[in-house]
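A short worksheet on the structure shown next.
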Amino acid sequence: MKTLMILAALALSAAPALAQPTMVAKTASGEVLVDAKGMTLYTFDKDGGGASACVGECAVNWPPLPAASDAKAEGDFAPVARADGSAQWAYKGKPLYTWIKDKAPGDITGDGVKEVWHLARP
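Taking mature numbering (1 follows the signal peptide of the UniProt record, and there is no 0), I'd label the letters of the sequence shown as residues -19 to -1, 1 to 103.
Right under this line is the structure:
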């Protein structure tokens, strides 16, 4: 019985790796994309051509949604290369980020920051 419980837990923990890199959640501002921890995802107006313009201190405050180096495109989601050689997820060509000041799932404090950061919407 204990072995079955362990196998079931392993199967459940492996399931998200096969799914899209984000989920949809309802917030005070409507439906948004969130990461596996339920944290709100954002897009950056200065990104263009499927590439991230958020590097250095920007990426400290707006951590990119990481993608594995061997990640493959799935539907509207695709990995994009970053200047440092890592990869991050993009939705419909827009790289996705979390916001360092969001502390709990459902927080949307990054929406509208400097008028260039926006909620990632499905």
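Built from N, CA and C at the ideal position, the CB exists for glycine as well.
So, is G19 buried or exposed, given that buried needs 16 or more other C-beta atoms within 10 angstroms? exposed
Would you call the region 83 to 98 and the region 8 to 27 in contact, with 3 or more CB pairs under 8 Å? Touching, yes, given that three or more Cβ pairs across the two stretches are closer than 8 Å.
Look at the Cβ atom of D83, then the Cβ atom of T21, and state whether they are nearer than 8 Å. yes
Complete beta strand (DSSP E) runs within the region 16 to 95 (minimum length 3 residues, chain order): 23 to 25, 58 to 62, 68 to 72
Residue burial classification, K75 (beta-carbon count within 10 angstroms, cutoff 16): Answer is buried; the Cβ neighbour count reaches 16.
Residue burial classification, P103 (beta-carbon count within 10 angstroms, cutoff 16): P103 comes out exposed.
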